[in-house]
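Report on the following structure.
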Amino acid sequence: MTNDIKPGIEHTFTYTVPESKMIPEIFPESDYFQEMPDVLASGYYVALVEWACIEMLEPYLDWPEEQTVGTHFDLSHEAPTPSGTTITIDVEITDVEGRQLTIDVDAKDEVERIGQGTHKRYIVDREQFVDSISDDKL
737 MTNDIKPGIE
747 HTFTYTVPES
757 KMIPEIFPES
767 DYFQEMPDVL
777 ASGYYVALVE
787 WACIEMLEPY
797 LDWPEEQTVG
807 THFDLSHEAP
817 TPSGTTITID
827 VEITDVEGRQ
837 LTIDVDAKDE
847 VERIGQGTHK
857 RYIVDREQFV
867 DSISDDKL
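Here the sequence shown is numbered in this note's numbering, starting from 737 and rising by one per residue.
Dropping the structure here:
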């Protein structure tokens with residue numbers, strides 16, 4: 737990790753949402769999800785926020801040995817996004833405390849804001865992180 741990670745670093749991420757990221761696709765084995773509308777699933781939205789943050793941080797890390805993991809999500813999901821729609825996620829580091837990063841999130845589609853909030857990530861050594869996972873969980 738470089739000491740260059742500091743508040744004010746920004747990144748813009750764009751993604752065109754495919755049909756495979758609709759609510760019924762997130763857990764195909766769930767009858768409940770199968771009956772829900774074909775719009776971007778909140779779980780995929782959260783993953784896209786993580787992707788945006790990873791892209792922002794990768795130039796400052798010794799990737800792939802050094803990575804970040806999500807530790808907290810305080811995100812709204814305010815509007816539906818159908819497939820074929822392009823979303824833009826703007827992320828900005830607002831606080832750095834050692835290896836913990838606080839990131840502001842603003843997500844929009846072609847028409848309106850779809851979500852906003854705060855996300856925290858923690859910088860980890862990938863090998864140490866994997867080694868710390870209990871054998872009981874593997």
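Beta carbons are placed, not taken as given, at the ideal position from N, Cα and C, and that holds for glycine.
- Rounded to whole angstroms, the separation of the alpha carbons of residue 862 and residue 800 is 7 Å.
- Going by C-alpha positions, residue 746 is about 9 Å away from residue 793.
- Cβ contact annotation for residue 865 (same chain, cutoff 8 Å, sequence separation greater than five): 803 and 805, in chain order.
- For the options 849, 853, 819 and 755, the alpha carbon positioned closest to that of residue 830 is the one of 853.
- Going by DSSP, residue 762 is part of the alpha helix (DSSP H) stretching over 759-762.
- The Cβ-Cβ distance between residue 808 and residue 855 falls below 8 Å.
- When the five nearest sequence neighbours on each side are left out, the beta carbons in the same chain lying within less than 6 Å of the beta carbon of residue 826 are those of 748 and 842, in order along the chain.
- According to the DSSP assignment, residue 780 belongs to the alpha helix (DSSP H) that extends over 778-793.
- Per DSSP, the beta bridge partners of residue 844 are 824 and 849.
- Around the beta carbon of residue 817, 16 or more other beta carbons sit within 10 angstroms, so the residue counts as buried.
- Across the structure, residue 838 and residue 791 are spaced so that their CA atoms are roughly 15 Å apart.
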